[in-house]
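Report on one structure; see the data block that follows.
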Amino acid sequence: MCPLTAYIPVSHYVVMGFVKLGFKGRDVISILDFSREDLEELFAYADRIEKMGRVKLRVLEGKIIALAFFEPSTRTRLSFETAAKRLGADVISFSGEEAISVAKGENLADTIRMLDNYSDLIVIRHRYEGAAKFAAEIAKNPVINAGDGKQHHPTQAMIDLYTVKKLYGTIDGLTYAVVGDLRYGRAATSFIYALTLFKPKFVYLVSPPLLRARPETLKLLQERGIRFKEVENIGDVISDVDVMYVTRIQKERFPDPLEYEKVKGSYKITMDILSHAKKELRILHPLPKVDEIDPEVDKSPYAAYFLQAAYGVPVRMALLALIFGVEI
Ligand code: NCD
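End of the sequence shown = 1172 in this note's numbering, gap-free, step of one.
Below is the structure:
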């Protein structure tokens, strides 16, 4: 789809002084393309869908959604597929470059042109930053970024905030700790970006020095007046935290394997650490988790990450329905 601005006259409307762009016909490249009001509309829609239970809706009958996963995925791909099918759409997909003509030397632009002809919407995951934006510039139909390198993962951030809202009834006024690989992690980065659209009480950025948040992330927090602090150990701040967002070290994104060896296993959330936490603390994780959360924690009331993964379906259903402009 063409750059966003081309669509503003069609879909934008003003609600109580806030500019609300709406979702209809939009690409989803970065969570920062959306306003708080947009996200609240999405969450209300997802909540309605969730309350309907596992019914099959037929609102997207006749539509074809292409899932173009050039990088590995479990939850994102399967929850998009589930969401599309529950709305009545058909799905075409591939997973991994080996399976398609990229292995024969085809360039991304040609692959996207072809998918755009076959389908009504493309969901793309790629190891290169900017790949989804590039695809959106080529495709005439909407493109959803399901992760581009270390940069953005907007639909994960939508699910994450929806989970916080369901757990606490609010996203504002809470103290967050984003823990782990803040340098290479697109889920962590998108979550931090998403928080800047709301009014968190405080955000702790918790990571080993080598995995600190990138300068552009810190700059955004500063510009948007979000109170935050970079710390190395979760143990130092845990008693203050309401929502802990944990991420794995993104081994595959390290340019140098020796750098990865330096940070491997450098943090782990255990029941011992959690003995200093508020009773109401909840832990989110985009998954997959490797060794950064002790399996004992899975059974505790702190663990909200499986619930969060389940919300992937209603949130992605809501997003698809809104982009196609169908009523549910
Ligand atoms: C995340 C991703 O792919 O960025 N996973 C996901 O989509 N749920 C996080 C990760 O791989 O660590």
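Note that the Cβ used here is the ideal one computed from N, Cα and C, for glycine as well.
Problem set entry | Runs of beta strand (DSSP E) wholly within the segment 1055-1130 (minimum 3 residues, chain order) | 1072-1075, 1087-1090 and 1126-1128
Exercise. Below 8 Å, can you find three or more Cβ-Cβ pairs linking the segment 977-997 to the segment 953-965?
Worked result: yes
Problem set entry | Backbone CA spacing between R1126 and V1087 [nearest angstrom] | Within the sequence shown, residue 1126 is the residue found at index 282, counting from 1. Within the sequence shown, residue 1087 is the residue found at index 243, counting from 1. So the alpha carbons of these two residues sit roughly 5 Å apart.
Exercise. Excluding five sequence neighbours on each side, which residues of the same chain lie with their C-beta closer than 8 Å to the C-beta of V903?
Worked result: Residue 903 sits at position 59 when you count from the first residue of the sequence shown. The residues are L931, G932, A1165, F1168, V1170, E1171 and I1172.
Exercise. Between Y972 and chain E, is there a C-beta pair that is closer than 8 Å?
Worked result: The structure shown contains no chain E, having only a single protein chain.
Exercise. Does the distance from the C-beta atom of S1034 to that of A1001 stay below 8 Å?
Worked result: For the purposes of this step, residue 1034 is taken as residue 190 along the sequence shown, with counting starting at 1. For the purposes of this step, residue 1001 is taken as residue 157 along the sequence shown, with counting starting at 1. Yes. Within cutoff.
Exercise. Fully enclosed by the segment 906-956, which alpha helix (DSSP H) runs are 4 residues long or longer?
Worked result: 919-930
Problem set entry | Selected residue, minimal CA-CA separation from T1091, among I936, R1097, A1032 and R1160 | Counting from one through the sequence shown, the residue named residue 1091 turns up at place 247. Here the closest residue by C-alpha is A1032.
Problem set entry | Boundaries of the alpha helix (DSSP H) in which M1006 is found, first to last residue | Residue mapping note: residue 1006 aligns to position 162 of the sequence shown, counting from 1. According to the sequence shown, residue 1006 is Tyr rather than Met. P998 to Y1012 is the span of the alpha helix (DSSP H), which, as asked, contains Y1006.
Exercise. Once you ignore the five residues that flank T1040 on each side, which residues in its own chain have a CB closer than 7 Å to its CB?
Worked result: As a position in the sequence shown, residue 1040 is number 196, starting the count at 1. Once the five neighbours on either side are set aside, the close Cβ partners of T1040 are L1064, L1065, R1068 and I1070.
Exercise. When the Cα atoms are used, what is the spatial distance from R892 to G1013?
Worked result: Your numbering for residue 892 matches position 48 in the sequence shown. Your numbering for residue 1013 matches position 169 in the sequence shown. The alpha-carbon atoms of R892 and G1013 are separated by roughly 15 Å.
Exercise. For Q1152, which residues from the same chain have a beta carbon less than 6 Å from its beta carbon, with the 5 sequence-adjacent residues on both sides left out?
Worked result: As a first step, residue 1152 must be located in the sequence shown, where it is residue number 308. T1007 and L1128.
For this session: Sort out for me which residues DSSP pairs I1137 with in a bridge.
Result: In the sequence shown, the residue the question calls residue 1137 occupies position 293. Beta-bridge pairing links I1137 to I1113.
Problem set entry | Outcome for F887 when other beta-carbon atoms lying within 10 angstroms are tallied against a minimum of 16 | Mapped onto the sequence shown, residue 887 falls at position 43. Classification of F887: buried, given that the 10 Å Cβ count is 16 or more.
Problem set entry | Where the alpha helix (DSSP H) containing A980 begins and where it ends | Numbered from its first residue, the sequence shown carries residue 980 at position 136. It spans A975 to I982 - the alpha helix (DSSP H) in which A980 sits, taken as one unbroken run.
Problem set entry | Close Cβ partners of G1156 (< 7 Å) along its chain, the five nearest in sequence each way excluded | Position 312 of the sequence shown holds residue 1156. Counting only Cβ-Cβ distances below 7 Å, and skipping sequence neighbours, we find R919, S923 and I1003.
For this session: Taking T1040 as part of the beta strand (DSSP E), name the residues at either end of that continuous run.
Result: As a first step, residue 1040 must be located in the sequence shown, where it is residue number 196. T1040 -> no beta strand (DSSP E), and no H or E assigned at all.
Exercise. What span of residues does the alpha helix (DSSP H) with L1164 cover, start to end?
Worked result: Counting from one through the sequence shown, the residue named residue 1164 turns up at place 320. That run of the alpha helix (DSSP H) goes G1156 to F1168.
Problem set entry | Check whether R898 and F1042 have beta carbons under 8 Å apart | The residue labelled residue 898 in the question sits at position 54 within the sequence shown. The residue labelled residue 1042 in the question sits at position 198 within the sequence shown. Result no, Cβ atoms of R898 and F1042 do not sit closer than 8 Å.
For this session: Report, in whole angstroms, the separation of the C-beta atoms of E1103 and L1054, which I expect to be a contact under 8 Å.
Result: As a working note, residue 1103 is residue 259 in the sequence shown. As a working note, residue 1054 is residue 210 in the sequence shown. Confirmed, Cβ separation roughly 7 Å.
For this session: Take the Cβ of P1158 as the centre, count every other Cβ of all protein chains shown within 10 Å, and call the residue buried at 16 or more, exposed below.
Result: As a working note, residue 1158 is residue 314 in the sequence shown. By the neighbour-count rule (16 or more Cβ atoms within 10 Å), P1158 is buried.
For this session: Would you kindly work out how many angstroms separate the C-alpha atoms of E1060 and Y1028, rounded to a whole number?
Result: Here residue 1060 corresponds to residue number 216 of the sequence shown, with the count starting at 1. Here residue 1028 corresponds to residue number 184 of the sequence shown, with the count starting at 1. If you take the alpha carbons of E1060 and Y1028, they lie about 13 Å apart.
For this session: Mind checking which residues open and close the beta strand (DSSP E) that includes D992?
Result: Here residue 992 is taken as the residue at index 148 of the sequence shown, counted from 1. Run containing D992: V987 to D992, per the beta strand (DSSP E) assignment.
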